[in-house]
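Number of protein chains: 2
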Amino acid sequence: MNLKIAIQGIKGSNHHQVAKEYFEDDSQLVECMSFDFLVDRLLDKTADVGVMAIENSIAGSIIPNYALVYHNNLHIIGEHYLNINHNLMVLKGQGIEDIEEVRSHPMALLQCKEFFKDYPQIKMVEDVDTAETAKCIQEQKLKNVAAIAPRVAAELYDLNIVAPEIQTIKNNATRFIIVKTKNKELPKSEINKASVRFVTGHKRGSLAAVLNVMSDCRLNLTKIQSLPIIETPWKYAFFVDVTFEEYEYFEKSKSLLNIMAEDFKVLGEYKNARI
Amino acid sequence: MNLKIAIQGIKGSNHHQVAKEYFEDDSQLVECMSFDFLVDRLLDKTADVGVMAIENSIAGSIIPNYALVYHNNLHIIGEHYLNINHNLMVLKGQGIEDIEEVRSHPMALLQCKEFFKDYPQIKMVEDVDTAETAKCIQEQKLKNVAAIAPRVAAELYDLNIVAPEIQTIKNNATRFIIVKTKNKELPKSEINKASVRFVTGHKRGSLAAVLNVMSDCRLNLTKIQSLPIIETPWKYAFFVDVTFEEYEYFEKSKSLLNIMAEDFKVLGEYKNARI
Numbered sequence: 001m002n003l004k005i006a007i008q009g010i011k012g013s014n015h016h017q018v019a020k021e022y023f024e025d026d027s028q029l030v031e032c033m034s035f036d037f038l039v040d041r042l043l044d045k046t047a048d049v050g051v052m053a054i055e056n057s058i059a060g061s062i063i064p065n066y067a068l069v070y071h072n073n074l075h076i077i078g079e080h081y082l083n084i085n086h087n088l089m090v091l092k093g094q095g096i097e098d099i100e101e102v103r104s105h106p107m108a109l110l111q112c113k114e115f116f117k118d119y120p121q122i123k124m125v126e127d128v129d130t131a132e133t134a135k136c137i138q139e140q141k142l143k144n145v146a147a148i149a150p151r152v153a154a155e156l157y158d159l160n161i162v163a164p165e166i167q168t169i170k171n172n173a174t175r176f177i178i179v180k181t182k183n184k185e186l187p188k189s190e191i192n193k194a195s196v197r198f199v200t201g202h203k204r205g206s207l208a209a210v211l212n213v214m215s216d217c218r219l220n221l222t223k224i225q226s227l228p229i230i231e232t233p234w235k236y237a238f239f240v241d242v243t244f245e246e247y248e249y250f251e252k253s254k255s256l257l258n259i260m261a262e263d264f265k266v267l268g269e270y271k272n273a274r275i
Numbered sequence: 001m002n003l004k005i006a007i008q009g010i011k012g013s014n015h016h017q018v019a020k021e022y023f024e025d026d027s028q029l030v031e032c033m034s035f036d037f038l039v040d041r042l043l044d045k046t047a048d049v050g051v052m053a054i055e056n057s058i059a060g061s062i063i064p065n066y067a068l069v070y071h072n073n074l075h076i077i078g079e080h081y082l083n084i085n086h087n088l089m090v091l092k093g094q095g096i097e098d099i100e101e102v103r104s105h106p107m108a109l110l111q112c113k114e115f116f117k118d119y120p121q122i123k124m125v126e127d128v129d130t131a132e133t134a135k136c137i138q139e140q141k142l143k144n145v146a147a148i149a150p151r152v153a154a155e156l157y158d159l160n161i162v163a164p165e166i167q168t169i170k171n172n173a174t175r176f177i178i179v180k181t182k183n184k185e186l187p188k189s190e191i192n193k194a195s196v197r198f199v200t201g202h203k204r205g206s207l208a209a210v211l212n213v214m215s216d217c218r219l220n221l222t223k224i225q226s227l228p229i230i231e232t233p234w235k236y237a238f239f240v241d242v243t244f245e246e247y248e249y250f251e252k253s254k255s256l257l258n259i260m261a262e263d264f265k266v267l268g269e270y271k272n273a274r275i
């Protein structure tokens, strides 16, 4: 039985690219218009597993997705890093000199603006999605129009990449998490990373105290993000990712943090995708 | 002489709303298509001061803006909190029953989707900007079309708010920073907040050590955000905001952190806008 994988966006998007790279079989995709919609598909069991962007080396954390994982009791069962590449693509038979207009998401256009300085004849037009434009070019056989999209979109919609990786910053790694409604039981020996959330009050040094415990338990912090708790002034929630060599180190810190921090919750225990 | 204020977006945007609330005189606005463009206007002296969204209680930190402040040596001279209100507006003479289509930014539509469940006849159409739609409705006298935009847009483009504050989460406070190329010399007695950036290596407990110093110096942490340093694995930059009762507390911690942390930099010293 094929795994039903919920992705944000349509086929040909970066989320599709991740599904393709992470799973052996990406034949059963559930396209979701938004991350909220994606979570609903997991909860109503239309999909077995979901792929969600969670942080980006340029744009930072995608906080609403942390909140979605937390509030819907999802479990992070894995992670995947994708270098976001913006490829310029057109209908087959067309070349870069035929392009009069490039349509893409404002963020993608911004990240490629240096490239287009050499092509002043190409008009940059803002659009809602990247893969959507690629699909539209093929369906409507649009000439003189280019899309900026991931490689998988060119394959899927049979377009020609006339310039690959046109973004200015070449290393734009985005971290995606793989989520489920149930925690996958990886053998403890394979778990070397975890995501947790906790709350501290506005007492000076309360975060430092928690981090000292983590450090004493030999956990390495790879990410920290504070978030004010809405309608509770001076209280902060922290989303923290840690890596460790032995699962028992993490187990020890869990029992301590359960006592020390408020609302301590493990969002997922999984295998570090960065070596 | 009027202050030339650079805002992201056009008149009628949330950035305009902030300029209106923060400055006595907002008559000289410089509309900027992007945050990069806004910084360029400060550097080439077309504008004296800039208004930049920096974090949001729903969406989290706007990391690229931290990077812009840091890399361009801008100074944060103040901050302002705005509760982002989405107001449904139409041409004067029209009512909510006349609306066939609402156009707005995907994020604004998402935040208001609960409201529109009661109005299934209204089609939701994604658009690139919020204020832009309001402007367009007035210029083209568009009937049966509504915009979701801040209050200032209704005033400016002479539209009628048929439903105020239609977003589901009512407290969506966004923090904006006021930036300049030169640091404004506030008297030390008025400074009680600062934004700093520093780097730590992948040594276990290095962040905890820095936070311990801050805590010892009686600084309160109001925000922390880690960011991997592109192309330098295992090194992290931290953006931290602190508040303090006495400026001398901060001065003392500065001299310690200059020694302890790598690349320690003060991004701004200013007055806390939250009381």
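Chains as they are written, first to last, in UniProt numbering: chain W, 1 to 275; chain U, 1 to 275. Idealized CB from N, CA, C, for every residue including glycine.
Exposed unless 16 or more other CB atoms sit within 10 angstroms - verdict on residue i
{"i": "W:L43", "result": "exposed"}
{"i": "U:M89", "result": "buried"}
{"i": "U:Q111", "result": "buried"}
{"i": "W:M52", "result": "buried"}
{"i": "W:T200", "result": "buried"}
{"i": "W:T222", "result": "buried"}
{"i": "W:Q8", "result": "buried"}
{"i": "W:V152", "result": "buried"}
{"i": "residue 279 of chain W", "result": "As displayed, chain W neither begins before 1 nor continues past 275, which places residue 279 of chain W out of reach and without an answer."}
{"i": "U:V39", "result": "buried"}
{"i": "W:D26", "result": "buried"}
{"i": "W:Q140", "result": "exposed"}
{"i": "W:I177", "result": "buried"}
Chain-order list of residues whose beta-carbon lies under 6 Å from that of residue i (same chain, five-residue window excluded)
{"i": "U:P164", "result": "N87"}
{"i": "W:V240", "result": "V196, I224"}
{"i": "U:P150", "result": "N14, Q17"}
{"i": "W:G268", "result": "H75, I76, S195"}
Helix, strand or coil at residue i [DSSP, three-state]
{"i": "U:Q225", "result": "strand"}
{"i": "U:T243", "result": "strand"}
{"i": "W:H86", "result": "coil"}
{"i": "W:N65", "result": "helix"}
{"i": "W:N160", "result": "strand"}
{"i": "W:N56", "result": "strand"}
{"i": "U:K193", "result": "strand"}
{"i": "U:V49", "result": "strand"}
{"i": "U:A146", "result": "strand"}
{"i": "U:Q138", "result": "helix"}
{"i": "U:M214", "result": "helix"}
{"i": "U:A173", "result": "strand"}
Proximal chain U residues relative to residue i, where beta-carbon distance stays under 9 Å
{"i": "W:I224", "result": "L207, I224, Q225, S226, Y236, F238"}
{"i": "W:E97", "result": "Simply none; closest approach about 27 Å."}
Residues near residue i by beta carbon distance below 7 Å, same chain, minus five either side
{"i": "W:Q28", "result": "N2, L3, K4, I5"}
{"i": "W:V213", "result": "S253, L256, L257, M260"}
{"i": "residue 277 of chain U", "result": "The structure shown does not extend to residue 277 of chain U, since chain U is modelled only from 1 through 275, so no value can be given for it."}
{"i": "W:Y270", "result": "I76, I77, G78, E79, L186, I191, K193"}
Among the options, nearest to residue i - alpha-carbon criterion
{"i": "residue 276 of chain U", "options": "U:K123, U:F115, U:L109", "result": "This structure cannot settle anything about residue 276 of chain U, because the visible part of chain U is limited to 1 through 275."}
{"i": "U:V49", "options": "U:A19, U:E245, U:V145", "result": "U:A19"}
{"i": "U:N220", "options": "W:R218, W:K235, W:L221", "result": "W:K235"}
{"i": "U:E100", "options": "U:F115, U:Y119, U:D158", "result": "U:Y119"}
{"i": "W:I96", "options": "W:I84, W:F116, W:A194", "result": "W:F116"}
{"i": "W:R175", "options": "W:Y66, W:D25, W:D26, W:D36", "result": "W:Y66"}
{"i": "W:E251", "options": "W:A47, W:L109, W:D216", "result": "W:D216"}
{"i": "U:V102", "options": "U:D127, U:E114, U:P228", "result": "U:D127"}
{"i": "W:R204", "options": "U:K182, U:A173, U:F244, U:S189", "result": "U:F244"}
{"i": "residue 277 of chain U", "options": "U:A146, U:V242, U:R41, U:I63", "result": "A question about residue 277 of chain U goes unanswered here, because the residues of chain U that appear run from 1 up to 275."}
{"i": "W:Y249", "options": "W:K188, W:D158, W:T46", "result": "W:K188"}
{"i": "U:K92", "options": "U:S104, U:E155, U:P228, U:Y70", "result": "U:E155"}
{"i": "U:S104", "options": "U:K141, U:Q167, U:N73", "result": "U:Q167"}
{"i": "W:P228", "options": "W:D36, W:G12, W:F198", "result": "W:F198"}
{"i": "U:V69", "options": "U:D263, U:E262, U:R41, U:V179", "result": "U:V179"}
{"i": "residue 297 of chain W", "options": "U:S226, U:A208, U:M107", "result": "The question about residue 297 of chain W has no answer here: the residues shown for chain W are numbered 1 through 275."}
{"i": "U:K45", "options": "U:Y22, U:T181, U:I148", "result": "U:T181"}
{"i": "U:K170", "options": "U:D263, U:E114, U:R218", "result": "U:E114"}
Sequence-distant residues of the same chain with beta carbon closer than 8 Å to residue i, five excluded per side
{"i": "W:I10", "result": "H16, E31, D129, A131, E132, K135"}
{"i": "W:Q94", "result": "K143, N144, N160, V162"}
{"i": "W:N56", "result": "I62, I84, N172, A173, T174, R175"}
{"i": "W:Q138", "result": "L91, Y157, D158, L159"}
{"i": "U:S34", "result": "Q8"}
Chain W contact residues for residue i, given Cβ-Cβ distances below 8 Å
{"i": "U:L110", "result": "S34, D36"}
Partners in chain U for residue i, counting only beta-carbon separations shorter than 7 Å
{"i": "W:P106", "result": "V128"}
{"i": "residue 284 of chain W", "result": "This structure leaves residue 284 of chain W out entirely; chain W is present only between 1 and 275."}
Closer than 9 Å at the beta carbon, the chain W residues around residue i
{"i": "U:L43", "result": "In chain order: nothing, as chain W lies at least about 17 Å away."}
Chain-ordered neighbours of residue i on chain U, where CB pairs are closer than 8 Å
{"i": "W:L211", "result": "G205, L207, A208, L211"}
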